[in-house]
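Engineer: So the protein sequences, as listed, match chains P and V. Our numbering applies: residue 1 is where the first sequence begins, and numbers increase by one. Our numbering applies: residue 194 is where the second sequence begins, and numbers increase by one. Just so you know, even glycine gets a beta-carbon here, dropped at the ideal spot from N, CA and C. Since this is a predicted model, take the numbers as computed values, not measurements.
There are 2 protein chains.
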Amino acid sequence: MSFNLIIQNISKYIKLDEGEEQTFIKHLSTKIIKSKNNLLNGGEVCKYSTFVIRGCLRGFTFDKNGNEHVQDFAPPDWWIADMYSLITQKPGNINIEALEETEVILLSKTSQEELYMQIPKLERFFRILTEKSLVANQQRLMDNMTLTAEERYHIFCNRYPTLIHTLPQKHIASYIGVTPEFFSRMRTKTLKK
Amino acid sequence: MSFNLIIQNISKYIKLDEGEEQTFIKHLSTKIIKSKNNLLNGGEVCKYSTFVIRGCLRGFTFDKNGNEHVQDFAPPDWWIADMYSLITQKPGNINIEALEETEVILLSKTSQEELYMQIPKLERFFRILTEKSLVANQQRLMDNMTLTAEERYHIFCNRYPTLIHTLPQKHIASYIGVTPEFFSRMRTKTLKK
DNA sequence: TTTGGAAGTTGATGTAGGTTAAGAAATTAG
DNA sequence: CTAATTTCTTAACCTACATCAACTTCCAAA
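Take a look at the structure:
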């Protein structure tokens, strides 16, 4: 059944009994996004927490010069959303795009809040998920302020070993915060070692 | 009573009844940190969520050259912790220092987890707090990647109008991610306008 | 199978911000 | 009140990375 992965994901932090699993699953829907299509566009209100079961998504913004900046990647078993927009229900500026054909599970904000009432353990789950996200983000921010692009690339390679080979270089460059040109030069230099 | 501020802070997102308030308060303790003393040192395990009621704290790390980098400021009515260390209960690398004599309320990790069981609403409170923190951090990361130091300073001034005048410049410089020297130059330039 | 557009490479040149150093101003300690 | 220390300023020089441009490689659509 296609909800196996999400149940497994949740069971990392909380245990749902059979009935709770069923209640939870009733709130889910699935969707397939074709390669290069967007699940969310900047300017829209983000209505779903999204969980990837196949493929890969990319969350990014445009700066005032029209350049893209990758906020996060979501391979299978990852959650993604425009958190600002999801929380405030105001228009956000994150675009979420499929890097290949991608299958996701959608949990609407209203469902999520109903579930917090029906199954308080789920509120615990999302609290923990958000805490982990925050820690990772704080670390990334500090890395950006203290490390060189090369060191950041090294960390990226260790953290996402599978993604390195499937992602276009320009997206990795954007994630670590450099231009594709500089990233290319950097790589040829490190490869020589 | 000295717990007024924290009760008020919590009531922004959840409502505690009289009994719950009492239960909550039983888990709290207060502490005064003298100016320039540390509430937490890098290398230690962070055991408390800290809430500031008077004074101001600063969370920062050292990079490999021994330079400090400010992660956050905590004026009155703010929460602060080394989230990585608090969650994992492993040694962290955040230092938390008092910028002036500062009075705080401490909520130990074990108390916090007990309270999640006794008063589930508190788990909601901290979920929401963490979500807000995450959104602010994501925004700051994007700002660092897309804006100039001058633009980031401008944002800082709008977001923390009170802090600008009380904080030493070098700490603001560090927060927005530049050296004190560059920050000084930047300011004299913008003042001329 | 061809072809047109996207992705990656490479080189020349530009710039935001870093580094070092030395003096001036402001705090703090005694 | 003074000395000592920290913070801030200013200036000369330096570097990591950006920008622009031309070229090559790759791949997806017709």
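Please identify the residue among P:V104, P:T190 and P:A81 whose C-alpha is closest to the C-alpha of P:N93.
Structural biologist: P:A81
Engineer: Is the region 260–277 of chain V touching the region 203–213 of chain V, taking contact as three or more C-beta pairs under 8 Å?
Structural biologist: No, the region 260–277 of chain V does not touch the region 203–213 of chain V.
Engineer: With a CB to CB cut of under 6 Å and the five nearest residues on each side skipped, what residues in its chain are close to P:S35?
Structural biologist: A98, E100 and E101
Engineer: With distance defined between alpha-carbon atoms, name the residue in V:I203, V:L198, V:H220 and V:G212 nearest to V:L300.
Structural biologist: V:H220
Engineer: Could you check which residue in P:V70, P:E150, P:V52 and P:K109 has the C-alpha nearest to that of P:P168?
Structural biologist: P:V70
Engineer: For P:D143, name the three-state secondary structure that DSSP assigns.
Structural biologist: Helix, per DSSP.
Engineer: On the criterion of 16 or more Cβ atoms from any shown chain inside 10 Å, does V:R320 qualify as buried, or is it exposed?
Structural biologist: By the neighbour-count rule (16 or more Cβ atoms within 10 Å), V:R320 is buried.
Engineer: Can you tell which of P:T166, P:K121 and P:H171 has its C-alpha closest to the C-alpha of P:I10?
Structural biologist: P:K121
Engineer: In the structure shown, what three-state DSSP assignment does V:F196 receive?
Structural biologist: Coil at V:F196, not helix or strand.
Engineer: First and last residue of the alpha helix (DSSP H) that includes P:K26?
Structural biologist: E18 to K26
Engineer: What does the Cβ neighbour count give for P:Q118, buried or exposed, with the cut at 16 atoms within 10 Å?
Structural biologist: exposed
Engineer: Let me check understanding here. Comparing Cα to Cα, which of P:Q8, P:V52 and P:L57 lies closest to P:T166?
Structural biologist: P:L57
Engineer: What are the residues of the region 210–227 of chain V that lie near chain P, defined by any Cβ-Cβ distance shorter than 7 Å?
Structural biologist: none
Engineer: Under the DSSP definition of a beta bridge, which residues are partnered with P:L54?
Structural biologist: Looking at the sequence itself, residue 54 of chain P is Arg, so the reference to Leu does not match. Looking at the DSSP assignment, P:R54 forms a beta bridge with P:E103.
Engineer: Assuming P:A98 is part of the beta strand (DSSP E), what are its boundary residues?
Structural biologist: N95 to A98
Engineer: Output the residue ranges of the alpha helix (DSSP H) runs that lie fully inside the region 161–192 of chain P and measure 4 residues or longer, sorted by chain position.
Structural biologist: 163–166, 169–176 and 180–191
Engineer: If you draw a straight line from the C-alpha of P:V135 to the C-alpha of P:L115, how long is it?
Structural biologist: 25 Å
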